[in-house]
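Undergrad: Supplied in structure tokens, the structure appears directly below.
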Amino acid sequence: MQQERTHVRPLVWALAMGLALFSYAAVLVSLLLPAAAATALSGAALAVLGGAVGWQVWWRTAPAGALLGGQAQATWRRQKALAALSLGAVYATLVLGTLAASSGAMWQCPTWPTCAITSDLALLAMVHRSTAALGTILVLALALLVLLGRAGRTSRVAAGAALGLLLAQNGIGLVQVLLAMGGGQLPFATARLLHMGVGALSWAAVVALAVLVVRTPPLRRAKPAPAEAAAKQPSLLADYVSLTKPGVISLLIFTTFAAMFITPRGAPDLWLVVWTMVGGWLMPAGAHAMNCYFDRDIDVLMGRTGRRPIPSGRIPAWHALALGIALGVVAFVILAALVNMTTALLALAGYIYYVVFYTLILKRNTPQNIVIGGGAGAFPPMVGWAATTGEVSMASLLLFMLIFYWTPPHFWALALIRQKDYANAGVPMLPVVAGDEETKKQIALYTVQMVIVSLLLVPVASLGLFYAAAAAGLGGWFFFYIWKLFRNDSTPTRWALYRFSLIYLFLLFVAMMVDRLAFA
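Using this note's numbering, read the sequence shown as starting at 259 and increasing by one per residue.
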């Protein structure tokens, strides 16, 4: 098997160089150089950066020497061809971007994704966007070939970094166009600076990926034995996705979606929904990645979390830290630029609440960790409400309180099942500290408060009889599962309560939407 001399050090070095050359973007923005000079400086800086990164990665990786079969050779040829095309397209995109920005072409093409070609500058802006789209498609194809094929670990990391940075570059470019449309000055200059800086980083990552593709052929792997196949580890991409805990986000992001449709303003604009969902998903995804970073020492002690990427050693811990910060920044930019600042600040408050108050302060120090910390998961419906209305109202606060009171019964049902894990890790969950009986009493108490809040939404949020009947029926169903827990406390009964708590919240918000859209 072809071995690489290092793992991720060449890529890290490449990205560090890209960050160091971030200053070239600051020069272009702050000094406001003429278009020709700015473009020449940009092209030269990127060429120097690409050459330095390429040489370092080439020197630090072993040369290709393995004899490959026909299929592997064909795959390798496709990868090398795509690598060359990707390099050319990304370089052209960045240079044309500098020319478009410094010549004012952006102001001649104020709509997205296309605009009317009324001048040479508008044509230049469209050429830049087309080149950016082409480069993104080529890098996407190359990254997928590497990630889904038999590439080494360094190549897979480089592919993920190149693709992620280029997508971020495109997103910031879109924000820049929208800010230009609004006539903003300071936000626009900040977005432009960030656009160029991330461009340098993405260029460094694409160069590193291209050199790795040329330098190292796809790995030859023997067919695994049945036992090895059964124990196959998740892919690197799957591991990074798992850091964001998508299963946890899915239900809460639905509450964001539903809240957008139950405000007095009616159904929102489609694009408003799209950008709210994107930003609303990325913000808690970043918070969960941060949680994986800070909880890595106790995750390894629990059976439920010991197989996660960091405690199992498949991903370095600092990757989760970097991912969490990056997702939070991107989410805030999207929500602030494309939705409204109130929504962005609420989402950021949920991020900080979860990472700082719950993960770092409450979780390991008090059995009330879930009670107080549950507020972190209660922000999504407020985010959806604010996205549509631009404000926080009494109705959105009640939505917050609904999930605040829902969280303890939901999570304590799981904690009753996993209490040995929490005891081993030294986490003072209520079943560990107070015992099963007290936990069941607290579950019943918080369920009463949850149902009361759900019914208060009828007058406060102007919901009708359909929702009122659904809330009462679902609340009664919830109490039925609690009654079963008191009557026959067993692991299946606890699992039944936990699973129904998920169904309860989903159906409750569905009932809100149906009531508003069908019976209003």
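For every residue, glycine included, the Cβ atom is placed at its ideal position computed from N, Cα and C.
In this structure, does DSSP put arginine 622 in helix, strand or coil?
TA: Taking the sequence shown and counting its residues from 1, one reaches residue 622 at position 364. In this structure, arginine 622 counts as coil in the three-state DSSP scheme.
Undergrad: Is the Cβ-Cβ distance between leucine 540 and alanine 578 less than 8 Å?
TA: The residue labelled residue 540 in the question sits at position 282 within the sequence shown. The residue labelled residue 578 in the question sits at position 320 within the sequence shown. No. Outside cutoff.
Undergrad: Tell me whether valine 306 is buried or exposed, calling it buried when 16 or more other Cβ atoms sit within 10 Å of its Cβ.
TA: As a position in the sequence shown, residue 306 is number 48, starting the count at 1. So valine 306 counts as exposed.
Undergrad: Within this structure, are the beta carbons of glutamine 337 and valine 465 separated by less than 8 Å?
TA: The sequence position of residue 337 within the sequence shown is 79, counting from 1. The sequence position of residue 465 within the sequence shown is 207, counting from 1. No, these two residues do not count as a Cβ contact at 8 Å.
Undergrad: May I ask you to report which of helix, strand or coil DSSP gives alanine 730?
TA: On the sequence shown, residue 730 is found 472 positions in, with the first residue counted as 1. The answer is helix: DSSP assigns alanine 730 an H, G or I state.
Undergrad: Can you find the residues in the same chain that come closer than 6 Å, C-beta to C-beta, to lysine 742, ignoring five residues on each side of it along the sequence?
TA: One-based indexing of the sequence shown puts residue 742 at position 484. Here the set comprises Thr751.
Undergrad: Do the CB positions of glycine 422 and histidine 453 come within less than 8 Å of each other?
TA: Residue mapping note: residue 422 aligns to position 164 of the sequence shown, counting from 1. Residue mapping note: residue 453 aligns to position 195 of the sequence shown, counting from 1. Not closer than 8 Å, so no.
Undergrad: Just to confirm, are methionine 640 and valine 629 a CB contact at a threshold of 8 Å?
TA: Residue numbering aside, residue 640 sits at position 382 when the sequence shown is read from its first letter. Residue numbering aside, residue 629 sits at position 371 when the sequence shown is read from its first letter. No, they are not a contact pair.
Undergrad: Take every Cβ of the segment 346-359, pair it with every Cβ of the segment 507-514, and state whether three or more of those distances are shorter than 8 Å.
TA: Because the criterion of three Cβ pairs below 8 Å is not met, the segment 346-359 and the segment 507-514 do not touch.
Undergrad: Could you name each continuous alpha helix (DSSP H) segment of 4 residues or more that falls completely within the segment 339-414, going from the start of the chain to the end?
TA: Counting only runs of 4 or more, we get 378-406.
Undergrad: Suppose the cutoff is 6 Å on Cβ atoms and the five residues either side in sequence are ignored; what does the same chain contact list for glycine 642 look like?
TA: Within the sequence shown, residue 642 is the residue found at index 384, counting from 1. Once the five neighbours on either side are set aside, the close Cβ partners of glycine 642 are Thr514, Ala517, Met518.
Undergrad: Taking the alpha-carbon positions, what's the leucine 304 to glutamine 314 distance?
TA: Mapped onto the sequence shown, residue 304 falls at position 46. Mapped onto the sequence shown, residue 314 falls at position 56. So the alpha carbons of these two residues sit roughly 15 Å apart.
Undergrad: Which of helix, strand or coil does DSSP assign to glycine 582?
TA: Locating residue 582 in the sequence shown gives position 324, where the first residue counts as 1. Glycine 582: helix per DSSP, three-state reduction.
Undergrad: On the DSSP letters alone, give me the boundaries of the alpha helix (DSSP H) that aspartate 694 sits inside.
TA: As a position in the sequence shown, residue 694 is number 436, starting the count at 1. First-last of the alpha helix (DSSP H) with aspartate 694: 694-718.
Undergrad: For serine 281, collect the residues of the same chain with a Cβ closer than 7 Å to its Cβ; drop the 5 residues on either side in sequence, then sort them by chain order.
TA: As a first step, residue 281 must be located in the sequence shown, where it is residue number 23. Low local confidence applies: a pLDDT of 49 at serine 281 is under 50, so the model's placement there is unreliable, with the coordinate-based value given in what follows. Cβ neighbours of serine 281 beyond the five flanking positions: none.
Undergrad: Suppose contacts are defined by Cβ-Cβ distances below 8 Å. Is leucine 617 in contact with phenylalanine 552 by that definition?
TA: Within the sequence shown, the letter at position 359 stands for residue 617. Within the sequence shown, the letter at position 294 stands for residue 552. A small fix is needed here, since residue 617 is threonine in this sequence, not leucine. Yes, the pair counts as a contact, with Cβ atoms nearer than the cut-off.
Undergrad: Go through its chain and collect everything with a Cβ distance to valine 716's Cβ below 6 Å, but skip five positions before and after it.
TA: For the purposes of this step, residue 716 is taken as residue 458 along the sequence shown, with counting starting at 1. Within the same chain, valine 716 has close Cβ partners Ala726.
Undergrad: Can you tell me where the alpha helix (DSSP H) with arginine 318 in it begins and where it stops?
TA: Mapped onto the sequence shown, residue 318 falls at position 60. Unbroken alpha helix (DSSP H) run through arginine 318: 293-318.
Undergrad: Whose C-alpha, out of Gly731, Asn428, Arg473, is nearest the C-alpha of glycine 455?
TA: Locating residue 455 in the sequence shown gives position 197, counting from the first residue. Of Gly731, Asn428, Arg473, the residue nearest in Cα terms is Asn428.
Undergrad: Over what stretch of residues does the alpha helix (DSSP H) that includes alanine 517 continue unbroken?
TA: In the sequence shown, the residue the question calls residue 517 occupies position 259. Element bounds for alanine 517: 504-519.
Undergrad: Can you find the residues in the same chain that come closer than 6 Å, C-beta to C-beta, to leucine 766, ignoring five residues on each side of it along the sequence?
TA: The sequence position of residue 766 within the sequence shown is 508, counting from 1. Here the set comprises Leu732.
Undergrad: By the DSSP assignment, the alpha helix (DSSP H) with leucine 655 in it spans what residues?
TA: Taking the first residue of the sequence shown as 1, we reach residue 655 at position 397. From DSSP, the alpha helix (DSSP H) with leucine 655 extends over 652-675.
Undergrad: Which residues in the same chain have their Cβ closer than 6 Å to the Cβ of lysine 621, if we skip the five residues on either side of it in sequence?
TA: The residue you call residue 621 lines up with position 363 of the sequence shown. Cβ neighbours of lysine 621 beyond the five flanking positions: Asn627.
Undergrad: Given this structure, state the Cα-to-Cα distance separating leucine 382 from alanine 358, to the nearest angstrom.
TA: As a working note, residue 382 is residue 124 in the sequence shown. As a working note, residue 358 is residue 100 in the sequence shown. So the alpha carbons of these two residues sit roughly 6 Å apart.
Undergrad: Beta-carbon within less than 8 Å of glycine 308's beta-carbon, same chain only, minus the 5 sequence neighbours each way: which residues are those?
TA: Here residue 308 refers to the residue found at position 50 of the sequence shown. Excluding residues within five positions, the ones whose Cβ falls inside 8 Å are Leu345, Tyr349, Trp461, Ala462, Val465.
Undergrad: Does the Cβ of alanine 302 have 16 or more other Cβ atoms within 10 Å, making it buried, or fewer, making it exposed?
TA: Working through the sequence shown from its first residue, we reach residue 302 at position 44. Flag for alanine 302 reads exposed.
Undergrad: Under DSSP, the alpha helix (DSSP H) around isoleucine 628 begins and ends at which residues?
TA: Looking up residue 628 in the sequence shown gives position 370. Start and end: 627-631.
Undergrad: Please check the pair threonine 297 and threonine 356, which I expect to be a contact at CB under 8 Å, by giving their CB distance rounded to whole angstroms.
TA: Against the sequence shown, residue 297 aligns to sequence position 39. Against the sequence shown, residue 356 aligns to sequence position 98. Their Cβ separation, rounded to whole angstroms, is 5 Å, which keeps threonine 297 and threonine 356 in contact under 8 Å.
Undergrad: Which full runs of the alpha helix (DSSP H) of 4+ residues lie inside the segment 565-609, going along the chain?
TA: Listed in chain order, they are 575-596.
Undergrad: So, helix, strand or coil for methionine 687, using DSSP?
TA: Translated into the one-based positions of the sequence shown, residue 687 becomes position 429. Correct three-state label for methionine 687: coil.
Undergrad: Give every residue of the same chain whose Cβ lies closer than 6 Å to the Cβ of glycine 582, excluding the five residues on either side of it in the sequence, and list them in chain order.
TA: Numbered from 1 along the sequence shown, position 324 holds the residue referred to as residue 582. Hits under 6 Å: Gly544, Ala547, Met548.
Undergrad: The alpha helix (DSSP H) that contains arginine 774, what's its start and end?
TA: The count along the sequence shown starts at 1 and reaches residue 774 at position 516. Where arginine 774 is concerned, the enclosing alpha helix (DSSP H) stretches over 749-777.
Undergrad: Around the C-beta of phenylalanine 637, are 16 or more other C-beta atoms found within 10 angstroms, so that it is buried, or is it exposed?
TA: Position 379 of the sequence shown, counting from 1, holds the residue named residue 637. With 16 or more Cβ atoms within 10 Å of its Cβ, phenylalanine 637 is classed as buried.
Undergrad: Taking buried to mean at least 16 other C-beta atoms within 10 Å of its own C-beta, is threonine 369 buried or exposed?
TA: Residue mapping note: residue 369 aligns to position 111 of the sequence shown, counting from 1. With fewer than 16 Cβ atoms within 10 Å of its Cβ, threonine 369 is classed as exposed.
Undergrad: Which of the three DSSP states is assigned to valine 465 in this structure?
TA: What you label residue 465 is simply residue 207 of the sequence shown in a count that begins at 1. In the structure shown, valine 465 sits in a helix (DSSP, three-state: H, G or I).
Undergrad: State yes or no: is the C-beta of alanine 683 within less than 8 Å of the C-beta of leucine 559?
TA: Indexing the sequence shown from 1 puts residue 683 at position 425. Indexing the sequence shown from 1 puts residue 559 at position 301. Yes.
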